[in-house]
Structure formats: C-alpha cells, structure tokens
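Here the structure is laid out as structure tokens; the discussion comes afterwards.
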Amino acid sequence: MAETKERKLPAPATSPETQAYWDAAAKGKLLVRKCTSCGQAHHYPRTICPFCFSDKTEWIEASGKGTIYSYSVMRRAPVPYAMAYVTLAEGPRMVTNIVDCDFDKLKVEQPVKLVFKPTDGGPPLPMFTPT
Amino acid sequence: MSIKGKAYIAGIYEHPTRLAKDLSLAQIHAEVAKGALEDAGLNKEDVDGYFCAGDAPGLGPMSMVEYMGLRPRHVDSTDTGGSSYVLHVGHAAEAIAAGKCKVALITLAGRPRAEGMATGTVPRSRGGTPTPDEPFEFPYGPTVVNMYAMCAMRHMYEFGTTSEQLAWIKVAASHHAQHNPHALLKDVVTVEEVVNSPMISDPLHRLDCCVITDGGGAIVVVAPEIAARLKRPKVKLLGASEFIKTQMGGKVDLTYSGARFTGAAAFAEAGVKPSDIKYASIYDSFTITVLMQLEDLGFCEKGKGGRFVADGNLISGTGKLPFNTDGGGLCSNHPGNRGGLTKVLEAVRQLRGEAHPKVQVKNCDLALAHGTGGSLGLRHGSATVILERE
Chain A
-3 MAETKERKLP APATSPETQA YWDAAAKGKL LVRKCTSCGQ AHHYPRTICP FCFSDKTEWI
57 EASGKGTIYS YSVMRRAPVP YAMAYVTLAE GPRMVTNIVD CDFDKLKVEQ PVKLVFKPTD
117 GGPPLPMFTP T
Chain B
501 MSIKGKAYIA GIYEHPTRLA KDLSLAQIHA EVAKGALEDA GLNKEDVDGY FCAGDAPGLG
561 PMSMVEYMGL RPRHVDSTDT GGSSYVLHVG HAAEAIAAGK CKVALITLAG RPRAEGMATG
621 TVPRSRGGTP TPDEPFEFPY GPTVVNMYAM CAMRHMYEFG TTSEQLAWIK VAASHHAQHN
681 PHALLKDVVT VEEVVNSPMI SDPLHRLDCC VITDGGGAIV VVAPEIAARL KRPKVKLLGA
741 SEFIKTQMGG KVDLTYSGAR FTGAAAFAEA GVKPSDIKYA SIYDSFTITV LMQLEDLGFC
801 EKGKGGRFVA DGNLISGTGK LPFNTDGGGL CSNHPGNRGG LTKVLEAVRQ LRGEAHPKVQ
861 VKNCDLALAH GTGGSLGLRH GSATVILERE
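Line order of the protein sequences matches chains A and B. Just so you know, we're using the numbering used here here: the first sequence kicks off at -3 and counts up by one. Just so you know, we're using the numbering used here here: the second sequence kicks off at 501 and counts up by one.
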C-alpha cells in the first residue's frame, strides 16, 4: 500500500522541560537527552536520568540514523499509517512513524533515516523513512 | 508477611448484559455488587473494604461509596487499567491480613458499546495536564490495536511466530464461548476464518481482537473466619503479585510482558509451579496478549508460545492447558474495555465446579488468573493471582 494522502498531525504538547527538544525539531534537528554520570542516552527526554537518577543530563544531537525495531501499519484509519519503534544509533528506541514509503515493503530491522513532518499549529514531528 | 491463605474469594457476579443502553454506570456497579454479595451470602452492611478503579464514576471510590451506601474503613482505587481488579484481589488480601477489613468488595462496570466508543482504532489523549510521555507518542497515532500489533510483529520476527498460531487462541476461546449463553460471539471459528478476517493493524486481524462490550462484575474477598461460616465452596488465595512494565527510558523490549515478574513472584508465594495449574484465565485483549503472557508466566519457554497454543492445546477437555472457558474477552465479554475482573470470575467458577459442564475442568483444584492493563506496547500493569479450592 503506497502512501497517497497526508495525515493531519496533532501538535505535541510542549513543556518547559522539553521546549529545547521541540525548538530543535523546528530547525530540523533531533535531540536526545544523555546523562554525563552514567553515560547513557534515554528517550523521551527527562531532566533527571531514569537509569541512575543523576541530574547531570544534557542534550546531544542525534545522527538521524536508526533501524526499525517494530512496526504496524494501521489499516483501519482514514489515512493508513505506519506506527513504529525506531532504534536510534545513539541507543534509545522511540515511538515514531515510518513515512514516504511503500508500507507493504517495510521490514523489522530495516535501516531508516530522520525526516520531519509538520503538525497542526505546533513544532514538526521527527519521523523516519527507509534509506 | 505473605498473603498465602489469609483471604478467600467468597462471592462473584458477572453482569449478563453486553449492551447497557438502559443502565447507568453507577447502576451497573451497584447491580454487580449486589449480585456478588448475594452469591457469597453476605449483605451490604458486612462490607468494610471497597475497591474500584478508573471505570468508577467520580473521584476514586467516593461517589460509588456514597451511591451504594457503603461505610468502608478501607478503600483502594489503584488503577492499572484492565489488570486493576486482579491487583485488587491481592490488595484486598493484604488489607485483610493486616486487619484493615474483613469483607472487601471489588466492582467494575463500563458501557463503551452504548457510548459508541471507538475503543481500539482511534488514538486517545487523556486530556488535562499531559502525561510526560504523551507529547512523544500521541501525535504519532498510537491506538490500542497498533501498539499490541507491534509486539506481535516483533515476536514474529524474533521467534517465527505465525498468524495461524495466534489464530488458534481465538479458535480455542470460540470453542468455549459456544457454551456460554451470555457470550457476545457464540459461533465456533476456524484458523482460516481468523487469518482471513480483515487486517486491522498488521499483523492483527479483526478476529485477533477482543469484543467491545458493556457490563461489569464484582468480587467479594473475605477473611478466613468469614469464609468458614459461609455456605459457598471455599476458594483460597495462595499468591498474588503486581508489576508495571515500561519503556525503560528507551530500552524498549516488546518481546515480554510484566507477567514475567508477577508470575514468578505469585508462584513463589503460592509454593506451586506452572505445571501444577489445572486452569488458567489469561488476559485476552488480543491473541498476542495471551501468547506472550503464557510464555512469561512460565507455561512454556519464551518464543515457543506459538507452538504451545497451536492445535487446540488451550481447549478444555482436549488441550493441556484449558484457558478462558467462559469465552474470555475474545468472544464473551470485555466489560468497559477492562478484562481483568472477568478473568478472576471464571477461575473461581472452575474451582467451585460451577463452570459450564462442557468446559468444566475435572478435579480443578488450582487455578491462575492474570491481567494486563494499559498498553502492552507502551506501558502496562500486570497482576497475577493463584487460587486454590479448599
């Protein structure tokens, strides 16, 4: 099934804690939060590391490379779409969509790269497309 | 302190309705409470503990306590979605063991069908202050079905599980549902019918999904001295456990559920093992939910669930592990989109010898009920109880 129509995407609710993430998204960059105490990156971003509970976390820019951990094409929707978890090259897996592709050719563990899609009145959403 | 042997399930009731256009939500809560207390041989004045979850109207337990005219000295409105009521059985036993109450009432009710709710296929925001996860998930369109479907997709990739194997779970449920006069779907279906039903979200078909029904149910958990003076068969709680499985900061692993932890803990507390269980009620929002929980509870090895459920192995009378003999959520009832309470009910019926004769397990003296609530693919609550006929 080829993707033909564009879906209207709701704007994400931003918060003071994650404003920088969405400001970067508006500039076409994907940020990941990384802990300088334990060295691990996490997602979704938090001020306090969910692994070691240190408050020494910082933003890093993701390379935009990843692989599909799992996906599902939501057929029963006004415009079908591909829900997915993508494993970022930086480590964390994130909820996202796979876009601009033939959904019937998607594979688990397929390499993907970052793209952004506009939302309805908010910052754009990081999504992925096959490389 | 263990809850082993400290509490008994004395009363159960399942509302017969599957479409409650003419009933209010509070009314269903009260009707199932009345039914379970009558089943136990107790009355409202005996209730000194009340348990409910997010399906109850109002702030926590307060509106329902008032509506039903209860006077509890212990309340608990822990909400872990559909698993809440399995968890409540464990919490009720803890409260009873600690002397905080002697007769604990647990109720569930819902009317998503009457309200025309698109339960599984439309992304829902909870409204109000967003949860911290919501901005990073909701705009992408997570629904109930596509998040469970992603678990199935990964399971197929890692272990070679097939749609036909998943279909056997629905087939087994349908074999049981044909004997339940209240079941929403009473027709026996075949593997071919399941895999040829419309694809909802790959790889889950329409018949991999549970029903959407109105209704509810209630459970009465009592102290041993209360159980001793009642006339109903005695169903003793041997073990209980709960867990919240999350995305773990991005270390997402869709191949297992929280049942891995609740099963191990409940079996350890009960002092029994999976092969001792004569009957299992397994949460069945989707076929994949059942398969993963069977593996995680230890009924088979991780990754071998597909082979375990195939060829009718879950059908009562012929299979090795009879499951969901009321037809479960896949065929009979998933009241309020929360299937944990009905899991406990059928386990109690089996232990009492009160299941339908066509599906009653012979000499059923040990049963397990397990619930999963929330979203298997995002974050979910798990709860397991192990029950014994005394």
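Glycine residues also receive a C-beta, built at the ideal position from the N, C-alpha and C atoms. Small disclaimer: the values here were computed from a predicted structure and weren't measured.
- By the rule that beta-carbons nearer than 8 angstroms mark a contact, G87 of chain A touches chain B.
- Per DSSP, T762 of chain B is one residue of the alpha helix (DSSP H) stretching across A759 to A770.
- In this structure the segment 39 to 47 of chain A lies against the segment 22 to 31 of chain A, because at least three pairs of beta carbons, one per stretch, are closer than 8 angstroms.
- Residues of the segment 24 to 47 of chain A with a C-beta less than 9 angstroms from any C-beta of chain B: V28, Q36, A37, H38, H39, Y40, P41, R42, C45, P46 and F47, listed in chain order.
- Residues of the segment 676 to 703 of chain B with a Cβ closer than 7 angstroms to any Cβ of chain A, in chain order: M699, I700, S701 and D702.
- Neighbourhood of P642 of chain B in chain A, by CB distance below 7 angstroms: M79 and V91, in chain order.
- Along the segment 1 to 19 of chain A, going in chain order, the ones with a CB nearer than 9 angstroms to a CB of chain B are R3, L5, P6, A7, P8, A9, T10, S11, E13, T14, Y17 and W18.
- Judged by their CB atoms, N833 of chain B and T842 of chain B are nearer to each other than the 8 angstroms cut-off.
- Taking a beta-carbon distance threshold of 8 angstroms, T63 of chain A does not count as an interface residue toward chain B.
- At the C-beta level, V809 of chain B and L791 of chain B come within 8 angstroms of one another.
- L608 of chain B is classed as buried because its beta carbon has at least 16 other beta carbons within 10 Å across all chains shown.
- Setting aside the 5 residues that flank it on each side, I886 of chain B is surrounded in the same chain by L738, G739, A766, A770 and L868, each with a C-beta closer than 6 angstroms to its C-beta; the list follows chain order.
- About 17 angstroms separates the Cβ atoms of V82 of chain A and I56 of chain A, ruling out a contact at the 8 angstroms cut-off.
- In the three-state reduction of the DSSP assignment, F47 of chain A falls in the coil class, being assigned neither a helical nor a strand state.
- The closest CA to that of Y513 of chain B, considering only B:R571, B:V848 and B:G877, is found on B:V848.
- Put simply, the CB of T125 of chain A is far from chain B, with every gap to its CB atoms at 8 angstroms or more.
- In the DSSP annotation of this structure, N543 of chain B is not part of any alpha helix (DSSP H), being labelled neither H nor E.
- With contacts defined as CB atoms closer than 8 angstroms, L704 of chain B and F761 of chain B fail to qualify as a contacting pair.
- Cβ neighbours of S563 of chain B within its own chain (closer than 6 angstroms, five residues either side excluded): P557.
- Look at T53 of chain A: its C-beta is not under 8 angstroms from any C-beta on chain B.
- The DSSP assignment places 779 to 782 as complete runs of the beta strand (DSSP E) inside the segment 772 to 835 of chain B, in order along the chain (cut-off: 3 residues).
- The C-beta of L110 of chain A comes no closer than 8 angstroms to any C-beta of chain B.
- Contact holds between the segment 3 to 20 of chain A and the segment 628 to 636 of chain B, because three or more Cβ pairs, one in each stretch, are under 8 angstroms apart.
- For a Cβ distance threshold of 9 angstroms, nothing in chain B lies close to A22 of chain A: the least Cβ distance comes to about 14 angstroms.
- Under the 8 angstroms criterion on CB atoms, G803 of chain B is classed as non-interfacial with respect to chain A.
- Note on geometry: alpha-carbon atoms of L5 of chain A and M617 of chain B lie some 21 angstroms from one another.
- Partner residues in a beta bridge of M653 of chain B, as assigned by DSSP, do not exist.
- Close CB contacts of I712 of chain B within its chain, under the 8 angstroms cut and outside five residues either way in sequence, are with P612, R613, M617, T619, G620, H834 and N837 (chain order).
- Rounded to whole angstroms, the separation of the alpha carbons of N680 of chain B and L878 of chain B is 33 angstroms.
- Non-local beta-carbon contacts of G828 of chain B in its own chain, meaning distances under 6 angstroms to residues more than five positions away in sequence, involve A673 and D784 in chain order.
- Apart from the 5 residues on each side of it in sequence, G641 of chain B sits with its Cβ closer than 7 angstroms to the Cβ of P623 in its chain, given in chain order.
- Nearest Cα to G805 of chain B within the set B:V735, B:L685 and B:T662: B:T662.
- Think of a sphere of 9 angstroms around the beta carbon of T621 of chain B: the chain A residues whose beta carbon falls inside it are M70, R72 and A73, in chain order.
- Less than 8 angstroms divides the Cβ of F551 of chain B from the Cβ of A592 of chain B.
- Considering only beta carbons, the part of the segment 648 to 673 of chain B lying closer than 7 angstroms to chain A consists of A649, M650, M653, R654 and Y657, in chain order.
- Collapsing the DSSP output to three states places L685 of chain B in coil.
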